[in-house]
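Residues in the sequence shown are numbered consecutively from 20, following the working numbering.
Even glycine gets a Cβ: it sits at the ideal position worked out from N, Cα and C.
Nothing here was measured: the structure is a model prediction, and the numbers come from that model.
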Amino acid sequence: MDAKLEPVMVPGSQSPLPRTGDTQVLDRNNVLRNTYWLLALSMLPTIAGAFAGMQFNMIALFKAAPIMTPLLMFGVMIGSLFVVTALRNSSWGVLALFVFTFIAGAMLTPILTVAAGFRNGGQLVALAGGMTAAIFFGMATIATVTKRDFSFLGKFLFVGMILVVVASLANLFFQVPAVSLTISAVAVLIFSMYLLYDVSNIVRGGETNYVMATLNLFLSVYNIFISLLNLLLAFSGQRD
């Protein structure tokens, strides 16, 4: 086997021992496994945040200030992202990640409230969740099995994400339904490809911090779910 060797220092030794390709693969698998576990656990504070938002009637804030409240919450989420990034190399990074996912869950209050107003709203929420899971497992499987390098997608996806964010913020002011649906459709495509890109990055050893890896995957899953639910409510929602 043609193994790639990298130096690994052993305490008390002046010379490095070789690190085989098998060891590298094991390290990558550990990062991927830890990332998947942490991603699964992060869904718990997300659900708790969504439940808290519904119970404490956060929708009243969005109705009272339909532009300022989303902008404020978006600012809080961005601030939380910086905190997670700053703490990514410590045990506090996991706690910061859970706080961020709780806030993200609370941000689901408006769309879940809209879904609750439809006769089949609960079914559509479940369907959006199932479709999101299918996309995640599909993209993760492709990235893991093929082991292809999808890093070439990085710049394209980053530009696409920025355009989606800017368009979403702009549509807060204009509230054009057709634009909202277009943004949702594009977001599903962009963040689905981001799943492929991020899992491939982990598999190939480009991302070794499982807190950041989890954060990246969570953001993609979160945005895919919201976008799919928005599309389903628009095209399949049945009002009472």
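Coarse secondary structure for residue i, derived from DSSP in three states
i	result
ARG47	helix
ASN53	helix
MET158	helix
SER246	helix
ALA123	helix
PRO26	Caution is warranted here: a pLDDT of 42 is assigned to PRO26, below 50, making its placement in the model unreliable, and the coordinate value is therefore given only provisionally. If DSSP states are grouped into helix, strand and coil, PRO26 belongs with the strands.
LYS174	helix
GLN194	coil
PHE169	coil
Sheet register partners of residue i (DSSP bridge)
i	result
PHE137	ARG258
From the options, residue whose alpha carbon lies closest to that of residue i
i	options	result
GLY149	THR54, ILE243 and ASN48	ILE243
THR201	ALA162, VAL183 and ILE86	VAL183
VAL102	ARG258, VAL230 and GLN257	VAL230
GLY157	THR54, ASN53, LEU215 and SER239	LEU215
VAL164	PHE137, PHE175, PHE192 and ARG223	ARG223
SER170	ALA134, ASP217 and ALA153	ASP217
LYS82	LEU248, THR132 and MET96	THR132
MET92	PHE117, MET126, ALA152 and GLN194	MET126
LEU251	ILE78, ARG138 and ASP46	ARG138
Counted within 10 angstroms of its Cβ, other Cβ atoms place residue i as buried (16 or more) or exposed
i	result
PRO129	buried
LEU90	exposed
VAL207	buried
GLY141	exposed
ARG107	buried
MET87	exposed
PHE312	The structure shown does not extend to residue 312, since the chain spans only 20 to 259, so no value can be given for it.
Beta carbon proximity, residue i to chain C, threshold 9 Å
i	result
TYR229	Reference to chain C is not applicable here, since this structure consists of a single protein chain.
Runs of 4 residues minimum, wholly inside the stretch 191 to 240: which ones carry the alpha helix (DSSP H) assignment? 196 to 222
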